[in-house]
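Participant: Here's a structure for you.
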Amino acid sequence: MSRTTGSVSAAILLMSGLALGACAGGSAAATSARPSSSATAVAPTETPAGTATRPPDAVVTALPTVSRPGAKAASARIKGGKGTFSQGVTYADGLTMHVVGVKQSTSTGQGPGVFVGAPQTAVSLEIVNGTHAELKLDQVVVSMVYGKPTRLAAPVYDQSSRDLSGSLKPGARTTATYQFSVPVKELGNVVMTVDIDGVHSVATFSGSARR
5 MSRTTGSVSA AILLMSGLAL GACAGGSAAA TSARPSSSAT AVAPTETPAG
55 TATRPPDAVV TALPTVSRPG AKAASARIKG GKGTFSQGVT YADGLTMHVV
105 GVKQSTSTGQ GPGVFVGAPQ TAVSLEIVNG THAELKLDQV VVSMVYGKPT
155 RLAAPVYDQS SRDLSGSLKP GARTTATYQF SVPVKELGNV VMTVDIDGVH
205 SVATFSGSAR R
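Rendered as structure tokens:
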């Protein structure tokens with residue numbers, strides 16, 4: 005009887021030892037996982053998450069033509085000339101466009117397609133309707149290219165972005181903000197195009213976007 009009791013006691017002690025060993029092993033695994041988690045969280049400080057894996061922007065030879073119902077042929081559109089980031093564009097019918105602000109920052113957003121730490125160039129564009137007709141702003145297309153070879157900058161959308169929309173009465177003005185991701189070293193050779201509608205030619209603003 006004492007042997008049975010002793011055997012049972014020994015078995016209980018053995019099982020308890022195994023259980024404690026398992027718990028200790030589990031605690032060690034959880035502890036060892038924490039440093040790697042912390043290392044991952046610290047990494048973006050030195051190398052912003054996503055910037056290393058971001059694919060290069062596409063090389064383009066020309067921007068695609070925007071298709072609009074009833075749009076005039078390019079040769080028949082009202083001409084406006086070319087501007088810079090410090091000089092506006094004026095069309096023959098009185099429509100004017102000016103860059104009224106350029107701001108550089110880095111991306112801090114979250115979600116699909118966001119590369120934290122990627123450069124952002126925000127351009128504020130003012131439109132003044134000096135024509136005698138209402139100007140529709142529902143199909144405005146703004147693009148930005150940079151560098152050699154010419155690459156199409158990726159658009160950036162966050163709380164600071166504000167697209168042109170609605171309509172603009174004669175004599176009225178409005179401002180919009182468009183953002184693009186342009187490598188810092190390429191900011192000296194940038195071209196922004198504004199295809200406002202099917203009546204006016206495409207406006208271009210070229211030069212340095214450094215600010």
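With my numbering applied, the sequence shown corresponds to residues 5 to 215, in that order. Where a beta carbon is used, it is the ideal one built from N, C-alpha and C, also for glycine.
Is the beta carbon of Asn133 sitting closer than 9 Å to the one on Gly98?
Facilitator: On the sequence shown, residue 133 is found 129 positions in, with the first residue counted as 1. On the sequence shown, residue 98 is found 94 positions in, with the first residue counted as 1. Taking 9 Å as the Cβ cut-off, Asn133 and Gly98 qualify as a contacting pair.
Participant: Would Gly85 and Val103 be called neighbours here (beta carbons separated by less than 9 Å)?
Facilitator: Indexing the sequence shown from 1 puts residue 85 at position 81. Indexing the sequence shown from 1 puts residue 103 at position 99. Their beta carbons are not under 9 Å apart, which means Gly85 does not touch Val103 by this criterion.
Participant: In terms of residue numbering, what span does the beta strand (DSSP E) encompassing Gly87 cover?
Facilitator: On the sequence shown, position 83 is the one that residue 87 refers to. Looking at the DSSP string, the run of the beta strand (DSSP E) that includes Gly87 is Lys86 to Thr88.
Participant: If I'm right that Gly222 touches Lys107 with Cβ under 8 Å, what's the distance once you round it to whole angstroms?
Facilitator: This structure gives no information on residue 222, because the portion of the chain shown stretches from 5 to 215.
Participant: Quick one: is Gln91 buried, meaning 16 or more other Cβ sit within 10 Å of its Cβ, or exposed?
Facilitator: In the sequence shown, the residue the question calls residue 91 occupies position 87. It counts as exposed.
Participant: Determine the contact status of Val195 and Val145, defining contact as a CB-CB distance below 9 Å.
Facilitator: Taking the first residue of the sequence shown as position 1, residue 195 is located at position 191. Taking the first residue of the sequence shown as position 1, residue 145 is located at position 141. Against a cut-off of 9 Å, the Cβ pair of Val145 and Val195 comes out as no contact.
Participant: Whose CA, out of Thr135, Arg155 and Ser165, lies closest to the CA of Gln124?
Facilitator: On the sequence shown, position 120 is the one that residue 124 refers to. Cα-wise, what sits closest to Gln124 is Ser165.
Participant: Which of the three DSSP states is assigned to Val149 in this structure?
Facilitator: Position 145 of the sequence shown, counted from the start, is the residue given in the question as residue 149. Strand.
Participant: Using C-beta distances below 6 Å, list every residue in its chain close to Leu191, excluding the 5 sequence neighbours before and after it, in chain order.
Facilitator: Translated into the one-based positions of the sequence shown, residue 191 becomes position 187. Within the same chain, Leu191 has close Cβ partners Ala213 and Arg214.
Participant: Can you list, in chain order, the residues of its chain whose CB lies under 7 Å from that of Ser171, leaving out five sequence neighbours each side?
Facilitator: As a working note, residue 171 is residue 167 in the sequence shown. Counting only Cβ-Cβ distances below 7 Å, and skipping sequence neighbours, we find Glu138, Leu139, Lys140 and Leu141.
Participant: For Ala158, which residues from the same chain have a beta carbon less than 8 Å from its beta carbon, with the 5 sequence-adjacent residues on both sides left out?
Facilitator: As a position in the sequence shown, residue 158 is number 154, starting the count at 1. Closer than 8 Å at the Cβ level, and outside the excluded window around Ala158, lie Asp61, Phe184 and Ser185.
Participant: In chain order, what residues of the same chain have a beta carbon less than 7 Å from the beta carbon of Thr135, not counting five sequence neighbours either side?
Facilitator: Along the sequence shown, read from residue 1 onward, the residue named residue 135 stands at position 131. Asp97, Gly98, Leu99 and Pro174.
Participant: Tell me the DSSP bridge mates of Leu139?
Facilitator: Here residue 139 corresponds to residue number 135 of the sequence shown, with the count starting at 1. Answer is Leu172.
Participant: Excluding sequence positions up to five away, which residues of its chain have a Cβ less than 6 Å from the Cβ of Ile200?
Facilitator: Indexing the sequence shown from 1 puts residue 200 at position 196. Cβ neighbours of Ile200 beyond the five flanking positions: Val144.
Participant: Starting from Glu130 and walking both ways along the beta strand (DSSP E), at which residues does that stretch end?
Facilitator: Here residue 130 corresponds to residue number 126 of the sequence shown, with the count starting at 1. Where Glu130 is concerned, the enclosing beta strand (DSSP E) stretches over Pro123 to Val132.
Participant: According to DSSP, simplified to helix, strand and coil, what is Ser79?
Facilitator: Numbered from its first residue, the sequence shown carries residue 79 at position 75. Looking at Ser79 - three-state DSSP - the assignment turns out to be helix.
Participant: If you run the structure through DSSP and keep just helix, strand and coil, what is Val188?
Facilitator: Here residue 188 refers to the residue found at position 184 of the sequence shown. Three-state result, Val188: helix.
Participant: Using the DSSP secondary-structure output, state which residues sit across from Leu156 in a beta bridge.
Facilitator: Numbered from 1 along the sequence shown, position 152 holds the residue referred to as residue 156. Paired residues: Val149.
Participant: I need the DSSP call for Gly74, collapsed to helix, strand or coil.
Facilitator: Sequence index remark: in the sequence shown, residue 74 carries index 70 (1-based). Gly74: coil per DSSP, three-state reduction.
Participant: Go ahead and pull the three-state DSSP assignment for Val118.
Facilitator: Counting from one through the sequence shown, the residue named residue 118 turns up at place 114. Coil.
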